[in-house]
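A.B. asks: Numbering (the UniProt record's numbering), first residue to last: 1 to 302. We treat Cβ as the ideally placed atom computed from N, Cα and C, and that holds for glycine. The model shown is predicted, which means the values in this text are computed figures rather than measured ones. Take a look at the following structure, please.
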């Protein structure tokens, strides 16, 4: 537990940093995606920080602090769902009836959290609590929205090709990693006497990292071309390019090899065109032209 505050602070700051980074760097056309991702990371960041530091709160806040920390989780399921809907659907427009129901449910949950009616904290320990009716509604609402989000990602992964398939898979991978780490440190390890629940915060960070890559990685081969050409590129896209291309090769090999062939064909076309241009405009010998062409395309013919 000595390292718990430091882990929470690191994961909280890193999560929020990625949210702001994506909000600033993503295409403007993705403004709704950027906004919901920022809201999602902000909520997760507050939850991770609050959960890790709750034992440091003043004694007069120990009974109400857990309820206030839970306030940050209320927007996570709906932000996650809206984010995926805007990513997976061309024209996403929820009904007014649904929005009204969501407003009522969220208002009730926020009121319950502010008035400390989500959970009743034990007098003996801040980690021991009794769920109240509003907490069960929060859990049910979370399961419904997160479950539908996972379903949408699975369907998109199965029914699409190319970068759409890869993007959906990376989004699912982020959720899977978060769930695995959470279950490992919160449920499995405690069964054998190892209590490292605070490390579950790394699951949140891994989740947000995967989603950041998926949102920013618009086209694996275009990014590959820009790297080979030595052009300016977002740092996160540059360091994740090989991993995304590897997933592309595994998940959609036919599309991968077709795009790779097109990429190589473009290189050959550019090389031969440049050589022909030099031959027509200069009196250089073959080897001299070859040296010039090799210098121009040195990043491509390593």
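Please state whether DSSP places residue 120 in a helix, a strand or coil.
C.D. replies: The residue given as residue 120 occupies position 120 in the chain shown. In this structure, DSSP gives residue 120 an extended state, which the three-state scheme calls strand.
A.B. asks: Can you check DSSP and say which residues form a bridge with residue 131?
C.D. replies: To locate residue 131, count along the chain shown from 1; it is residue 131. Looking at the DSSP assignment, residue 131 forms a beta bridge with 119.
A.B. asks: Across the segment 199 to 217 and the segment 173 to 186, are there enough close Cβ pairs to call them in contact, namely three or more that are closer than 8 Å?
C.D. replies: yes
A.B. asks: Rounded to whole angstroms, what is the Cα-Cα separation between residue 82 and residue 249?
C.D. replies: As a working note, residue 82 is residue 82 in the chain shown. As a working note, residue 249 is residue 249 in the chain shown. Cα-Cα distance, rounded: 29 Å.
A.B. asks: Shortest alpha-carbon distance to residue 36 belongs to which of 171, 84, 14, 276?
C.D. replies: Here residue 36 is taken as the residue at index 36 of the chain shown, counted from 1. When only C-alpha atoms are compared, the closest one is 84.
A.B. asks: Under 8 Å, with one C-beta from each stretch per pair, do the segment 45 to 55 and the segment 86 to 106 reach the 3-pair mark?
C.D. replies: no
A.B. asks: Using beta-carbon positions only, say whether residue 174 and residue 210 come within less than 8 Å of one another.
C.D. replies: On the chain shown, residue 174 is found 174 positions in, with the first residue counted as 1. On the chain shown, residue 210 is found 210 positions in, with the first residue counted as 1. Remark: C-beta atoms of residue 174 and residue 210 approach each other more closely than 8 Å.
A.B. asks: Kindly indicate which residue of 90, 150, 9 has the alpha-carbon position closest to the one of residue 78.
C.D. replies: Here residue 78 corresponds to residue number 78 of the chain shown, with the count starting at 1. Answer by Cα proximity: 150.
A.B. asks: Can you name the start and end residues of the alpha helix (DSSP H) that residue 225 belongs to?
C.D. replies: Counting from 1 along the chain shown, the entry for residue 225 is found at position 225. Note, residue 225: alpha helix (DSSP H), 220 to 228.
A.B. asks: Return the residue from the list 156, 140, 63 that minimises the CA-CA distance to residue 88.
C.D. replies: Locating residue 88 in the chain shown gives position 88, where the first residue counts as 1. Of the candidates 156, 140, 63, the one whose C-alpha sits nearest the C-alpha of residue 88 is 156.
A.B. asks: Can you name, in chain order, every residue of its own chain whose Cβ lies under 7 Å from the Cβ of residue 46, other than the five neighbours on each side?
C.D. replies: As a working mapping, residue 46 is identified with position 46 in the chain shown. Excluding residues within five positions, the ones whose Cβ falls inside 7 Å are 72.
A.B. asks: Please report how far the alpha carbon of residue 233 lies from the alpha carbon of residue 262, in whole angstroms.
C.D. replies: For the purposes of this step, residue 233 is identified with residue 233 of the chain shown, where counting begins at 1. For the purposes of this step, residue 262 is identified with residue 262 of the chain shown, where counting begins at 1. Counting only the Cα atoms, residue 262 lies some 22 Å from residue 233.
A.B. asks: Determine, using beta carbons only, whether residue 216 and residue 191 come nearer to each other than 8 Å.
C.D. replies: For this step, residue 216 is matched to residue 216 along the chain shown. For this step, residue 191 is matched to residue 191 along the chain shown. No, the Cβ-Cβ distance between residue 216 and residue 191 is not below 8 Å.
A.B. asks: By a C-beta neighbour count over all protein chains shown, 10 Å radius and 16 as the cutoff for buried, is residue 147 buried or exposed?
C.D. replies: In the chain shown, the residue the question calls residue 147 occupies position 147. By the neighbour-count rule (16 or more Cβ atoms within 10 Å), residue 147 is not buried but exposed.
A.B. asks: For residue 223, decide whether its Cβ has a neighbour in chain B, counting only Cβ atoms nearer than 8 Å.
C.D. replies: As a matter of chain content, chain B is missing from the structure shown, which is built from one protein chain.
A.B. asks: Just the Cα atoms here: how many angstroms apart are residue 273 and residue 253?
C.D. replies: Position 273 of the chain shown, counted from the start, is the residue given in the question as residue 273. Position 253 of the chain shown, counted from the start, is the residue given in the question as residue 253. Their backbone Cα atoms lie some 30 Å apart in a straight line.
A.B. asks: Verify whether the separation of the beta carbon atoms of residue 86 and residue 48 is less than 8 Å.
C.D. replies: In the chain shown, counting from the first residue as 1, residue 86 sits at position 86. In the chain shown, counting from the first residue as 1, residue 48 sits at position 48. Not closer than 8 Å, so no.
A.B. asks: Determine the DSSP secondary structure at residue 193, reduced to helix, strand or coil.
C.D. replies: Looking up residue 193 in the chain shown gives position 193. Three-state DSSP puts residue 193 in coil, outside helix and strand.
A.B. asks: Roughly how many angstroms lie between the CA atoms of residue 219 and residue 21, to the nearest whole one?
C.D. replies: Position 219 of the chain shown, counted from the start, is the residue given in the question as residue 219. Position 21 of the chain shown, counted from the start, is the residue given in the question as residue 21. Whole-angstrom Cα-Cα distance: 19 Å.
A.B. asks: Alpha carbons only, please: which of 214, 8, 91, 41 is nearest the one belonging to residue 27?
C.D. replies: As a working mapping, residue 27 is identified with position 27 in the chain shown. The residue with the shortest Cα to Cα distance from residue 27 is 214.
A.B. asks: Leaving aside the five residues before and after residue 145 along the sequence, list all residues of the same chain whose C-beta is less than 8 Å from its C-beta, in chain order.
C.D. replies: Start at 1 with the first residue of the chain shown, and residue 145 comes out as number 145. 77, 78, 80, 81.
A.B. asks: Which runs of the beta strand (DSSP E) spanning at least 3 residues fall entirely within the segment 51 to 127, listed in chain order?
C.D. replies: 119 to 121
A.B. asks: According to DSSP, is residue 234 helix, strand or coil?
C.D. replies: By 1-based counting over the chain shown, the position of residue 234 is 234. Of the three classes helix, strand and coil, the one that applies to residue 234 here is coil, per DSSP.
A.B. asks: According to DSSP, is residue 285 part of a helix, a strand, or is it coil?
C.D. replies: Within the chain shown, the letter at position 285 stands for residue 285. In the three-state scheme derived from DSSP, where H, G and I count as helix and E and B as strand, residue 285 is classed as coil.
A.B. asks: For residue 118, which of 92, 66, 169, 160 has the nearest alpha-carbon?
C.D. replies: Within the chain shown, residue 118 is the residue found at index 118, counting from 1. The candidate whose alpha carbon is nearest that of residue 118 is 66.
A.B. asks: Alpha carbon to alpha carbon, how far is residue 170 from residue 154? Give it in angstroms, no decimals.
C.D. replies: As a first step, residue 154 must be located in the chain shown, where it is residue number 154. As a first step, residue 170 must be located in the chain shown, where it is residue number 170. Computed Cα separation, rounded: 11 Å.
A.B. asks: One question on the structure: do residue 206 and residue 18 come within less than 8 Å of each other, judged by their Cβ atoms?
C.D. replies: The sequence position of residue 206 within the chain shown is 206, counting from 1. The sequence position of residue 18 within the chain shown is 18, counting from 1. No, the Cβ-Cβ distance between residue 206 and residue 18 is not below 8 Å.
A.B. asks: Taking C-alpha atoms, which residue in 100, 69, 287 lies nearest to residue 115?
C.D. replies: In the chain shown, the residue the question calls residue 115 occupies position 115. The shortest C-alpha separation from residue 115 is found at 69.
A.B. asks: Nearest-angstrom Cα distance between residue 244 and residue 44?
C.D. replies: The residue you call residue 244 lines up with position 244 of the chain shown. The residue you call residue 44 lines up with position 44 of the chain shown. Whole-angstrom Cα-Cα distance: 25 Å.
A.B. asks: Label residue 239 either buried or exposed according to how many other C-beta atoms from any shown protein chain fall within 10 Å of its C-beta, with 16 as the threshold for buried.
C.D. replies: Against the chain shown, residue 239 aligns to sequence position 239. With fewer than 16 Cβ atoms within 10 Å of its Cβ, residue 239 is classed as exposed.
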